[in-house]
Amino acid sequence: MNGSEPEEESSSEISSDSDEDNDPAKLVEKFIRLQRLIWEAQKLEPRQNQKTSMRNQKRVSKLTQKVQQLRRDPLFDDYEAEAAWSQIHVELQADHQHQLRERARNRRAQKPEETQEPNGTESEQAAPPREQENVSVEEPETSAEADDELLGGMFEAGDEAVSTEQDGSDKQQVKLIDFGKWTGVSPRKLLDDICKGHDSRARISLRTLHQTSQSARHSLDISWTIDVLPGPHTTNALPSEVTVQTDPRLWKLEMVSMAAASSAQSEAYVCALGLFLVSSLGAKELKATSRLPTVWRDLLKDLTDSKQKLIDEEHKQSLRRIRGLIHETQEKIKANQEQVRLQHAERPRQSDALVDRRRTQRPKPARWDPDTVSREWEMRSSRPAFKSMLEVRRQLPVHQFRDMILSCVTDNAVSVICAETGAGKSSGIPVLLLEQEFIQGRDCRILVTQPRRISAVTLARRVSQELGEARNDLGTARSLVGYAIRLESKTSNTTRITYATTGVLLRMLEESPDLDELDFLILDEVHERTMDLDLLFIALKKLQKRRSTLKIVLMSATVDAKKFSDYFGGAPVLDLPGRTFPVEVGFLEDAVEATNDVKGDKALATIQDDDNQDEFFSGNEKGRPVVTNPEAYSSRTLQILSNMDEYRIDYNLIVKLAAAIATKPKLAKYSSAILIFMPGIGEMRRLHNLLVSVDTFARDWVVYLLHSTFSTEDLEKAFERPPPGCRKIVIATNIAETGITIPDVTAVIDTCKEKVMRFDERRQLSRLTEGFISRSSARQRRGRAARVQEGLCYHLVTRHRHDHQMLEQQVPEMLRLGLQDPILRIKVWDLGSIEETLNAAIDPPSRKNVLRAIEKLKDAGALTKTEALTPLGQQIARLPLEVSLAKLAIFGVIFKCLDPILAIIALLTSKSPFVSSSSGASSSQAGDARQTFSRGDSDLLSSYNAYEAWRRARVARSAHEFCRKNHISDQAMAQIEDQRIQLLVYLVDAGMVILSGEEKAALNRARTSSARAGSGFGSGGSFYTIPPRYQTQDHPDRALNSLIAMAVYPRILTREGKGWRNVYTNQQVSLTARSVNHPSNSPKPPRWLSFYEAMQNSRSGNLNVFETSAVPESALALLLGSDTEFKFYAGVLVLDSGKVKLAVRHWRQLMAVKVLRENIRRVLESCCYKRPGQEVPEDQRIWLDFWLSLEAAAAAAQE
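Going by the UniProt record's numbering, the sequence shown opens with residue 1, and the numbers climb by one from there.
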């Protein structure tokens, strides 16, 4: 064939301007023409000279560029074009093969027959090294010759020579490969090193399958002690002549129909295949393979290319489906946009309709008639158990004021009852009301709210027993008492007194705003002034006007009664005395004085200061104790005090003080039961481990932990009296301060600290911080020691701090927390204007803070410009999380990547797992350890990487060594795991994650067992596994970073030179040195970053940002921002009035971005945000899957 003809044709094709072709059918025709030209240039002609070959290569390169340009056209249908070309290509190939056979036949007629081997196959010396298919020995000679003519030169000769032989052992044909000689690192040695780096106890073993003087075949086994699986598509990329089996603990490779020229080559080859599998585990393993000799590096490169082709083919299939969908939906875009606008306009009415529908669907509880009430009460009150408990109830102070209480409650819409600890108000007053109503033949329902789950459960059990009911009757048809808490409800149609957490009442208000089913509503412990309680007060004040028959009672041990009375229009106040004994009170200086002569225990010598405690308040000053009367204390006491810091917990002092109470004669009378108040569960666990290791408490002592996350059975043990001859210590948080009572406590050790939510003005975030309690809380805590006899209490702050620096009452949450959550509640309850409603609070927040919170909710997509609740905002309101974290959790459900997302949220809401140190060398080592977990240009993914490594170490029972080596706190990681479980509980409670009965039971077990296990959590055991339907695939880091950016938006940074700028505030910011994106850790940092929080440096004045993550430009283009402008002529995408600008090369690409962005947003708003827990229809889900496939393709290209 004349080589110039195709060149002229291709030149004319290349010079044509395809940009003027907008007909998809013509684009397909052009594709076929170009492919035919490429085929003509590439088809092999016998005895083709070098000049012609070079000219063909140049022509093919130009034609290929033209094909690639055509494929990028959004109007080009790749699927249709490939199908058409495939048919034509087959016809061309058949014609070409026929021509080659004719030429071969003509040559054989003219030349003598070529030399053949005795077995009828071609001589290996005559044929160049090439890879060929296994050829049957019975195949006719002419067929072999024809194949030689047809395929000769089609494949370039590699480094290895390939032939076929028959394996004498099983008479099967095998492919023989000769890799020649090489020098350098052995694949077997490198495989062993990499496997042991991933799993220190991994083991590899080789086995000879067949060996002769000319060939050998081997198999390889890789045994793991942890669960390990190769990356997706890896096994499919291996040669077909090799079989592979990959179980989590055992990988097997076997050369079935592939042999190498020697035993050494065979071993090296199968180990190289093993290296290919192991290299898919991570970038570290992949990088290690670069040490291999060239021949094995080339082999791994070929396998990697095969793997990439499989990935590309999968992506092509996705693109074909999406391209067809785009064609179908382009005509409907305007209609869809109009539908979305209508949905936005009607949303408030839809929200009301939803509430009305719930109200009508909720069945009203059946009421008993007077005769039934009388019979029921007469039957119950005549039981011996009831009469016996009645004598006990009559001893309570509230029973002595029975008539006064009943008169006050029944004659007024709202009553305020103040009673000291031990008065019996929480258990006694609901029973008095029930008794009065039943005696008069009136049915009634009473709801008593408690701030904590443990209070609701224990009080319900106690009241059930006081009514003479059996232990297991609670919540059944045999009982009048029940309780309702998160994920657990024990009530029945006969329940008349229900103890519930405040959150349960909030959900009742959403479903039944008038609370029609209640007659009495008792709010207990109102002095805590939580955000939920203050919002309830606003809602109840409005409810009074609609339901005057509902009787509301506010109760507390310590409360500003006049403030509540005035708020509810002059409600009457009852002050009732308690029943307590005197308490001997000591402070920090007294505690030190009392322990000066306590002998040290070997365990105490190992107690170290807690270098990783949360920072206190905003200052860095040391909390040096101030002693008002130093002359009353010894010089040793004053010296010890001078070195103490009141902001830190002195575990040494607590243990010695408990030992002094247990052993000193003058304090021994208080030692039957000691209650120790700690700020949080982490501190409780640490103290527990220290106490049980001290000889004093090794025998005849029992130590209990009391925390709201423990199971009911574990909590009840703390209330039981120990066996004769035993004494007990109960370690608790502020849940033991009010609401529940441990009756036999005689001594209290109070750290005077608690963990509360505060709004950090510098970071502009609500954070769980540690702080000092109020004086009223301190009174409550020491009152716990005086229930059965005279008591003893040590407050571990100086008398000066207690009297002059601690607040009398804690600041209400309404004034110290962000207002985004209450604003969402106001919209859900439809209480009216946001500003007017919050201004009606007992302690209203400032107008500036209200307006700032409204703007942040608009930026987050929770409120519209007219302050209406969006579908996303409705879902955020159902989660007790900061707005950006709630959004991230919702995205985890929608995009089915719940496991990493929950772990990331837990990391953000917990103490850092990386241990910091004041030592310069240790600090540097800790920083280096942190960088070893670097992943995805993200601080959050890096921390998640460390968390996953810790979980693997836990399962492998090597967590202690792992944490020591990597400067990680095992205790902090255990708390993060606890928090991950709690976050899943929130999602289940909100209906976003639907679990079966068995899955819910497993979640409850994980929730209680993990908290109870303390620092031993997960030791050799398993972790709770997210149901597979919410974790369907491994998402690339780019996708996870995109979801993080969606959640924290508009907290976005752009790189400018060597610095960073917040694109929405235009402020220059700095990255912390520990960030993986800091210039010292990242030579080429990303262009765009998201961040979780920012804080002003008090010394330098710089604005530092924390927890940064890379933001792919595809996320900016497709997912972020609300106001979007597409400038097709300029090729620019503009977000939010020019805050972000992205250049796009071609207007057609910009059109594709517009279509994809609008459809993703439509699916999210019309389906996902309204029903995040339900499956998205397949025709809608495909848009989200398309975006994920784009990110996966981009991630693969970056690798």
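Beta carbons: idealized from backbone N, C-alpha and C, even for Gly. No experiment lies behind these values; they were computed from the predicted model shown.
Extent of the continuous beta strand (DSSP E) to which residue i belongs
i	result
Asn1062	Gly1059 to Asn1062
Met555	Lys551 to Ser556
Gly791	Gly791 to His795
Val1069	Gln1068 to Leu1071
Asp575	Val573 to Leu576
Residue i, buried or exposed, once every other Cβ within 10 Å from all chains shown has been counted against 16
i	result
Thr235	buried
Ser776	buried
Met404	exposed
Val748	buried
Glu511	exposed
Leu27	buried
Trp1187	buried
Asn1066	exposed
Pro900	buried
Gln780	buried
Lys30	buried
Ala366	exposed
Arg699	exposed
Pro724	exposed
Glu528	buried
Asp524	buried
Leu907	buried
Ile905	buried
Val433	The displayed chain sequence assigns Leu, not Val, to residue 433. With 16 or more Cβ atoms within 10 Å of its Cβ, Leu433 is classed as buried.
For residue j and residue i, believed in contact at Cβ under 8 Å, the rounded distance
i	j	result
Leu984	Leu902	6 Å
Gln809	Ser846	Actually they do not touch by this definition, with Cβ atoms about 20 Å apart.
Arg787	Pro743	5 Å
Arg496	Arg445	6 Å
Ser223	Arg203	5 Å
Leu691	Ile729	6 Å
Pro248	Asp227	4 Å
Gly1173	Asn1041	About 25 Å; that fails the 8 Å criterion.
Cys793	Val583	5 Å
Tyr633	Glu593	5 Å
Leu1103	Ser1070	7 Å
Distance cut-off 6 Å: residue i Cβ against heavy atoms of the ligand ZN
i	result
Arg1005	Ligands displayed in this structure: none; no statement on the ligand ZN is therefore possible.
Segment limits, alpha helix (DSSP H) that includes residue i
i	result
Lys865	Taken as a continuous stretch (DSSP letters only), Lys865 belongs to no alpha helix (DSSP H), as it is neither H nor E.
His198	Pro187 to His198
Ile854	Arg847 to Asp859
Glu466	Arg453 to Glu466
Cβ of residue i within 7 Å of any chain D Cβ
i	result
Tyr1030	Among the chains of the structure shown, chain D does not appear; only one protein chain is present.
(Q) I'd like the ranges of any alpha helix (DSSP H) spanning at least 4 consecutive residues and lying wholly in the region 1076-1119. (A) 1113-1118
(Q) I'd like to know if the region 647-658 and the region 883-891 are in contact, where contact means that at least 3 CB-CB pairs between them fall below 8 Å. (A) no
Q: Go through the region 483-559 residue by residue and report every complete run of the alpha helix (DSSP H) that reaches 4 residues or more, in order.
A: 502-511 and 531-546
Q.
Assess contact between the region 1085-1098 and the region 1168-1184, defined as three or more Cβ pairs (one per stretch) separated by less than 8 Å. Is contact present?
A. no
Q.
Is it the case that the region 370-378 contacts the region 426-444, given that we only count it when at least three CB pairs across the two stretches are under 8 Å?
A. yes
Q: Report yes or no: do three or more beta-carbon pairs, one from the region 292-312 and one from the region 259-272, lie closer than 8 Å?
A: yes
Q: Could you tell me which uninterrupted alpha helix (DSSP H) segments, each at least 4 residues in length, are contained entirely in the region 260-294, listed from first to last along the chain?
A: 263-279 and 283-288
Q) If we count Cβ pairs, one from each stretch, closer than 8 Å, do we get three or more for the region 270-280 versus the region 238-246? A) yes
Q | Whole beta strand (DSSP E) elements within the region 720-780, 3-residue minimum | A | 727-732, 747-750, 753-760 and 765-772
Q. In chain order, which alpha helix (DSSP H) runs of at least 4 residues are fully inside the region 873-918?
A. 883-894 and 898-908
Q: Could I get the ranges of all uninterrupted beta strand (DSSP E) runs contained in the region 410-434, with 3 residues as the minimum, in chain order?
A: 414-419
(Q) Check whether the region 972-979 and the region 1145-1152 touch, using three or more Cβ-Cβ pairs below 8 Å as the test. (A) no
Q: Determine contact between the region 32-41 and the region 58-73, defined as no fewer than three beta-carbon pairs at a distance below 8 Å.
A: yes
Q.
Ignoring anything shorter than 3 residues, give me the beta strand (DSSP E) runs that lie fully in the region 645-691, in order along the chain.
A. 673-677
Q. Whole alpha helix (DSSP H) runs in the region 1117-1188 with 4 or more residues, listed along the chain?
A. 1147-1163
Q) With contact counted as at least three CB pairs below 8 Å, one residue from each stretch, are the region 1130-1144 and the region 1075-1085 in contact? A) no
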